[in-house]
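Down below is the structure, laid out as structure tokens.
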Amino acid sequence: MSADNAKSLRPAQFFFRDMAQDEAAAVAEPVVSLPVYVSASLPPSSRIELFQYPLYARGRPLPVPATAAQRGQRVTSRWRPHANRVEMEMPLDMRETVYNHERGMEWAENCASMGVIPTPGESAVKQEDRAMDAPSRFDRMRLESHAVPNATHYMVGTVRDGELHLVPLDAVLQLRPSMQHVDLMSQAEGQNRRMPTSDDEGDAQDARRAHVVPLNVSMRTEAQARTALTPRFGAQASSGLATQRDAEAERWVDLRFSEAQGADQLLAQRRDPLTCTTHIRDLF
């Protein structure tokens, strides 16, 4: 490299160094200073949970499409408190351009056993009418929750009148479409393939079934054999299955889904000073 080229590089080096210093100075300056309050205004029986919809597009109006609102449909939901499981039914957009009505009728016919999630306060007659009308078309998508383990303690923050109000967040749930309707459709198609094609075949099959004696046969796979050799891991698996059974046996509590409302309930009603006992070195 010649001396002329070296001289031409020096101003650029000083220029970038100055930008870095300016950026560091800008970061060090606080943008705003707010008093922080931990709100205890919610009753102990209340819970605040964050619902995430990872498969829905950002910025999309979530609950009810315009066409579904015109049909008088709304979001219904239910909850299992001990297992903290949530299910929601979201009305679908049934316009011809985005909905396959023929396929929707097939799904509705095979998914009648799923039933519908009732609306709290709805009369029994109206619920029965809605349940009878549900199998005619697949007009709702059911979402089921999956818990997201907390990596730390999360808070919900609300800024009001130059103050930051914090409320502890109880849980984070991700709601994803339930594939139960697809499973039921596959089961129905499998049963149709196994059905006899003529009366003679049906009579012969019934005769064979009459002489079938059920036998209880215990088969152990290699994985089960390894589990039997390690009682500790087997106990953990049994505990997980027991938890799953208890969650499935828990009764659903019907919830009323409401649109976003004001955050006045999240604001602190008192202004008691708090003493922070955490040192900066404890954060690293």
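Mapping the sequence shown onto my numbering, position 212 (from 1) lands on 213, and the numbers just tick up by one. Heads up, the beta-carbon is just placed ideally off N, CA and C, and yes, glycines get one too.
- Message: With the cut-off set at 9 Å, would you say PRO178 and LEU56 are in Cβ contact?
- Response: Yes, these two residues count as a Cβ contact at 9 Å.
- Message: The beta strand (DSSP E) that contains MET95, what's its start and end?
- Response: In the DSSP assignment, MET95 falls outside any beta strand (DSSP E), carrying neither H nor E.
- Query: When you compare each of MET91, CYS277, ALA248 and GLU249 to THR77 by their alpha carbons, which one comes out closest?
  - Reply: Considering only alpha carbons, the answer is MET91.
- Message: For the ligand NAD, is there any heavy atom lying closer than 8 Å to the beta carbon of THR98?
- Response: No copy of the ligand NAD occurs in the structure displayed, which carries no ligand at all.
- Message: Is the separation between the beta-carbon of SER137 and that of LEU174 shorter than 9 Å?
- Response: Not in contact: SER137 and LEU174 (Cβ atoms no closer than 9 Å).
- Query: Should ARG104 go down as buried or exposed, given a rule of 16 or more other Cβ atoms within 10 Å for buried?
  - Reply: Counting Cβ neighbours within 10 Å, ARG104 comes out exposed, since fewer than 16 surround it.
- Item | Contacts around PRO1, its chain only, beta-carbon distance under 6 Å, and the 5 residues preceding and following it disregarded | With the chain represented from 2 up to 285, any question about residue 1 goes unanswered, as that position is not in the structure.
- Query: Does the beta-carbon distance from GLU260 to ALA84 come in below 9 Å?
  - Reply: Against a cut-off of 9 Å, the Cβ pair of ALA84 and GLU260 comes out as no contact.
- Grab the span of the alpha helix (DSSP H) containing THR68 for me, first residue to last. It spans 67-71 - the alpha helix (DSSP H) in which THR68 sits, taken as one unbroken run.
- From MET180 to PHE258, what does the alpha carbon distance come to, in whole angstroms? MET180 and PHE258 have their C-alpha atoms some 22 Å from each other.
- Would you call the CB atoms of ALA69 and MET89 closer than 9 Å? Against a cut-off of 9 Å, the Cβ pair of MET89 and ALA69 comes out as no contact.
- Using the C-alpha atoms, what's the distance from LEU267 back to ILE118? C-alpha separation (whole angstroms): 29 Å.
- Item | GLU249 to THR153 span [Cα, whole Å] | Their backbone Cα atoms lie some 28 Å apart in a straight line.
- Message: Please give me, in chain order, every unbroken run of the beta strand (DSSP E) with length at least 3 that falls completely inside the region 26-55.
- Response: Complete beta strand (DSSP E) runs here, min 3: 37-39 and 50-53.
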